[in-house]
Structures are given as structure tokens and as C-alpha cells.
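Encoded as C-alpha cells, the structure appears first; notes follow it.
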Amino acid sequence: MLDSAVIEVRAGNGGSGIVAFIREALLPRGGPGGGDGGHGGDVVLIADPALNTLTKFHWQPHFIARNGTRGDGHHRNGANGDSVEVTVPVGTEVWIWEDGADKELIGDLNQPGQRMIVAEGGRGGWGNAHFVSATHQEPLLAEAGEFGEIRKVRLNLKLLADVGLIGMPNAGKSSILTAISAARPKVADYPFTTLEPVLGVVEHGHQAFVVVDIPGLIEGAHEGIGLGDEFLKHVQRTRVLVHVVDGSEDDVPGRIKTINDEI
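The sequence shown begins at 81 in my numbering and counts up by one.
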């Protein structure tokens, strides 16, 4: 499961306004009629509850919206550029990414269907019809369209689940998830069998809830020991944490304390 990805987003540029004048048989001096340029398209992130990984961004890290088109005569405005909609899992944070590091948190898509403009399209430029004044009836002035935003952002997924299974390696978390849901995590008789979080849906009558199996934690995980703290972030948004302990082990209270200290 890929839970972090850096992507580049490019919004569309605004189209330019134009200088034009209305010249018709009945209106030989009809005045300025330059239309405005269309606005550039946005890049929009949408939280999709059907997704639980950022894997697709490994293969497609670039998203580009369309430019607005230039204005035309007879007050005809240019067309707006098409926006690009990008779906991400619910629970995705959006960070400005500069010089290889997070700079600023600009969004947290933690509700299904939540939308966020991550790169805003440029405004279309005004045509010369906007610049008419009492003293300037035939302006030769029009605006260029504005550039759309270009950004690199890091998407950081923090899984949303109702129940999180936590514990030492090989404590039986994956076996529990297999027994109560249709998920099939790897189960074996050695530590660190589960190398990434696994989600399962538990159905009971007309109700259902999501359970996540967090890879095993050991003392010092928050300092990078074992599998490190890479997966600790996934316990932050679970409603309930279930501590799974192997009762046959020595010093069960000590193992519970170790996990509590790490989280």
C-alpha cells in the first residue's frame, strides 16, 4: 500500500482578451467589442471512499488542466479551460512540497466527497470593451490572461477506520482480521508478516464497520526501529484501538506498556 506520493499539478492559463471594434453596415463606428479571455481550468482533488491507497500516483504524478481560449470580436468571450478532477482516498492530507520537504499543510480531505482546489486556473484577460471611458471611447488596450498555479504537493494518507488492531509482531492481529472479515492478510509463524496496513470490512446484520490491521510495533518504533514509525500515523484517526496480546508470552503487562509508549 502506497500512503505517500509527490505529484505536480498545473492549472490552466487564462486566455487573453482582444482589441476589436464593431464595424457593420449600420454601425460603421460601433465602438469597442473585444471579448474577454476564458479562465484557465483548476486541478481539483476529491475524496473518494472507494480508494484506500495512493498507488496510482506512482504511475501518474502529473496533472494538467486546460487553458482558457482568447476572446473574440462582437463581445464574444473565450471558453473556459476544462478542470481536472483527481480522486484521492478519504483521509488524505495535502502538503506543499518544496526542496524535498513538507512546507505547509494546505488541505485535509477527511470527508467523503470533499473537494479541494489544489491549483487554481488563471483569470482570463479583459478585452478592450472593459476600458471604455468618457474620455477614451476607442481603447487599444486589452489584458493578457493570468498564469495558472503550478505546484508540487505531497499527498499523505492517514487511513480512516473504525477499529485499529495494534500490538507486537506476531501477536495474532492478522488472524483476527481474517476471522471477522473478508480480508486475507498474510499469516505466518514469524514476526513482521504484515508489512503494511490491511483494511477489512466487518458486516453484522445491516451494519458494517472498517477494521485496520496495523503492522507490528516494537520498542523504539517511533525512532525508526523495526518497521519504524511509518505506520503509526494510521492509528491517529481510528475511533477505537484494540490491543492484541499473545497471552502465552512472558511479561504481558510489559508488552502492553511498550505499545502504549510507542503510540
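For glycine and all other residues, C-beta sits at the position ideal for the given N, C-alpha and C. Quantities reported herein were computed from a predicted structural model and do not represent experimental measurements.
Exercise for the section: Specify whether the region 210-228 and the region 83-102 touch according to this definition: at least 3 beta carbon pairs, one from each stretch, less than 8 Å apart. Expected result: yes
Handout entry: Straight-line Cα distance separating Q191 from N132
Key = Residue 132 sits at position 52 when you count from the first residue of the sequence shown. Residue 191 sits at position 111 when you count from the first residue of the sequence shown. Computed Cα separation, rounded: 13 Å.
Practice task
State the start and end residues of the unbroken alpha helix (DSSP H) segment that holds I102.
Solution key: As a working mapping, residue 102 is identified with position 22 in the sequence shown. Unbroken run through I102: none, as it is neither H nor E.
Handout entry: beta strand (DSSP E) segment containing L279, residue limits
Key = Position 199 of the sequence shown, counting from 1, holds the residue named residue 279. Per DSSP, L279 belongs to the beta strand (DSSP E) from 278-284.
Problem - Distance CB(G121)-CB(A145) smaller than 8 Å - result: Translated into positions along the sequence shown, residue 121 becomes position 41. Translated into positions along the sequence shown, residue 145 becomes position 65. In contact: G121 and A145 (Cβ atoms closer than 8 Å).
Handout entry: Length of the line joining the Cα atoms of V239 and P169
Key = Residue 239 sits at position 159 when you count from the first residue of the sequence shown. Residue 169 sits at position 89 when you count from the first residue of the sequence shown. Rather than Val, the amino acid found at residue 239 in this sequence is Leu. In a straight line, the C-alpha of L239 is about 8 Å away from that of P169.
Handout entry: C-alpha distance - R231 paired with V89, whole-angstrom precision
Key = On the sequence shown, position 151 is the one that residue 231 refers to. On the sequence shown, position 9 is the one that residue 89 refers to. Cα-Cα distance, rounded: 5 Å.
Problem - For F143, three-class secondary structure by DSSP - result: Position 63 of the sequence shown, counting from 1, holds the residue named residue 143. Correct three-state label for F143: strand.
Practice task
Compute the Euclidean distance between the alpha carbons of I256 and T135, then round it to the nearest angstrom.
Solution key: The count along the sequence shown starts at 1 and reaches residue 256 at position 176. The count along the sequence shown starts at 1 and reaches residue 135 at position 55. Whole-angstrom Cα-Cα distance: 26 Å.
Problem - DSSP state of F211 mapped onto helix, strand, coil - result: The count along the sequence shown starts at 1 and reaches residue 211 at position 131. F211: helix per DSSP, three-state reduction.
Practice task
Keeping to the same chain, check which residues put their C-beta closer than 6 Å to that of F227; ignore five residues upstream and five downstream.
Solution key: Here residue 227 refers to the residue found at position 147 when the sequence shown is read from its first residue. Closer than 6 Å at Cβ, skipping near neighbours: N93, G202.
Exercise for the section: Between the Cα of S213 and those of D331, S84, I176, P112, spot the shortest distance and give me the residue it belongs to. Expected result: Counting from 1 along the sequence shown, the entry for residue 213 is found at position 133. When only C-alpha atoms are compared, the closest one is P112.
Practice task
Using three-state DSSP, classify E342 as helix, strand or coil.
Solution key: As a working mapping, residue 342 is identified with position 262 in the sequence shown. Residue state, collapsed to three classes: helix.
Practice task
Tell me where the alpha helix (DSSP H) around K183 begins and ends.
Solution key: On the sequence shown, position 103 is the one that residue 183 refers to. Element bounds for K183: not the alpha helix (DSSP H) but the beta strand (DSSP E), 181-189.
Practice task
Please classify R156: does DSSP put it in a helix, a strand, or coil?
Solution key: Reading the sequence shown from its first residue, position 76 is the one you call residue 156. It is coil, neither helix nor strand.
Exercise for the section: Work out the CA separation of D179 and A262 for me, nearest whole Å. Expected result: Here residue 262 refers to the residue found at position 182 of the sequence shown. Here residue 179 refers to the residue found at position 99 of the sequence shown. Approximately 42 Å between the Cα atoms of the pair.
Practice task
Give the straight-line distance between the Cα atoms of G193 and G187, rounded to the nearest whole angstrom.
Solution key: Counting from 1 along the sequence shown, the entry for residue 193 is found at position 113. Counting from 1 along the sequence shown, the entry for residue 187 is found at position 107. In a straight line, the C-alpha of G193 is about 14 Å away from that of G187.
Exercise for the section: Can you grab the Cα-Cα spacing for the pair G115 / R109, in whole Å? Expected result: Taking the sequence shown and counting its residues from 1, one reaches residue 115 at position 35. Taking the sequence shown and counting its residues from 1, one reaches residue 109 at position 29. Cα to Cα, the separation comes out at about 17 Å.
Practice task
Less than 8 Å between the CB atoms is what I'm expecting for A91 and L189, so what's the real figure, rounded?
Solution key: The residue you call residue 91 lines up with position 11 of the sequence shown. The residue you call residue 189 lines up with position 109 of the sequence shown. Rounded, the Cβ-Cβ distance is 18 Å, inconsistent with contact.
Handout entry: Beta-carbon contacts of R156 that lie in its chain and below 7 Å, excluding the five residues immediately before and after
Key = Start at 1 with the first residue of the sequence shown, and residue 156 comes out as number 76. The residues are G115.
Exercise for the section: To the nearest angstrom, report how far apart F272 and V324 are at their CA atoms. Expected result: Your numbering for residue 272 matches position 192 in the sequence shown. Your numbering for residue 324 matches position 244 in the sequence shown. Below a pLDDT of 50, predicted positions are generally treated as unreliable, and F272, at 42, falls in that range; no measurement from the model is reported.
Handout entry: Whether G204 touches G148 by CB criterion (8 Å)
Key = Locating residue 204 in the sequence shown gives position 124, where the first residue counts as 1. Locating residue 148 in the sequence shown gives position 68, where the first residue counts as 1. Yes.
Exercise for the section: Return the first residue and the last residue of the beta strand (DSSP E) that L235 is part of. Expected result: Taking the first residue of the sequence shown as position 1, residue 235 is located at position 155. Unbroken beta strand (DSSP E) run through L235: 230-237.
Exercise for the section: Report yes if the C-beta distance between G171 and L237 is below 8 Å; otherwise report no. Expected result: Numbered from 1 along the sequence shown, position 91 holds the residue referred to as residue 171. Numbered from 1 along the sequence shown, position 157 holds the residue referred to as residue 237. Against a cut-off of 8 Å, the Cβ pair of L237 and G171 comes out as a contact.
Handout entry: Best match in R234, I343, G151, V164 for proximity to I197 [C-alpha to C-alpha]
Key = If you number the sequence shown from 1, residue 197 lands on position 117. Of the listed residues, the one whose Cα sits closest to I197 is V164.
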